[in-house]
Amino acid sequence: MEEQAVIRALGALAQETRLRILRYLVTMGPAGAAAGDISQEVGASASRTSFHLSTLADAGLINATRASRSIIYRVDFDAMGGMIGYLVRDCCKSDPRVTTCC
C-alpha cells in the first residue's frame, strides 16, 4: 500500500463512529451488512452513517454492492492488511517489539 493511501485510511479511522462501523463490519465478515443495520448497530442516524460509510469507502477500507434495493457494505480485508502491513514493515521496520503483537 502506498503512503498516501495509508494516510487516507488512518485518517478515516481516526473517528469514533467510523471505527465502530469498521469493527462491526469485520465481525460480519464476507456477508457484510446493510446501511440500516450498520446505523442501528453503531447508534447513528441514517444520514450520519451514510456520511461515514462514504468516508470509509473513499479511504478504500470498505466496498459496497447493491443487493436488490439495499446496499451491502463489506470490509476490504486486502486493504486492511495492506495498511497494517505498511505500518509493521515500513514504519516500524518489522521491529520485534511491534511484530510480537501480530
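Numbering (the working numbering), first residue to last: 766 to 867.
Ideal placement from N, C-alpha and C gives every residue a C-beta, glycine not left out.
Shortest alpha-carbon distance to A738 belongs to which of A800, A777, I786 and T792? Because the chain spans 766 through 867 in this model, residue 738 falls outside it and cannot be assessed.
Quick test of the definition: if touching needs 3 or more C-beta pairs under 8 Å, does the stretch 783-802 touch the stretch 822-841? Result yes; three or more Cβ-Cβ pairs closer than 8 Å.
For R834 and A779, I'd like the C-alpha separation in whole angstroms. Distance between the alpha carbons of R834 and A779 is about 31 Å.
DSSP puts R839 in a beta bridge; with which residues? Answer is N828.
Between the C-alpha atoms of I827 and S812, what's the straight-line distance to the nearest angstrom? Whole-angstrom Cα-Cα distance: 18 Å.
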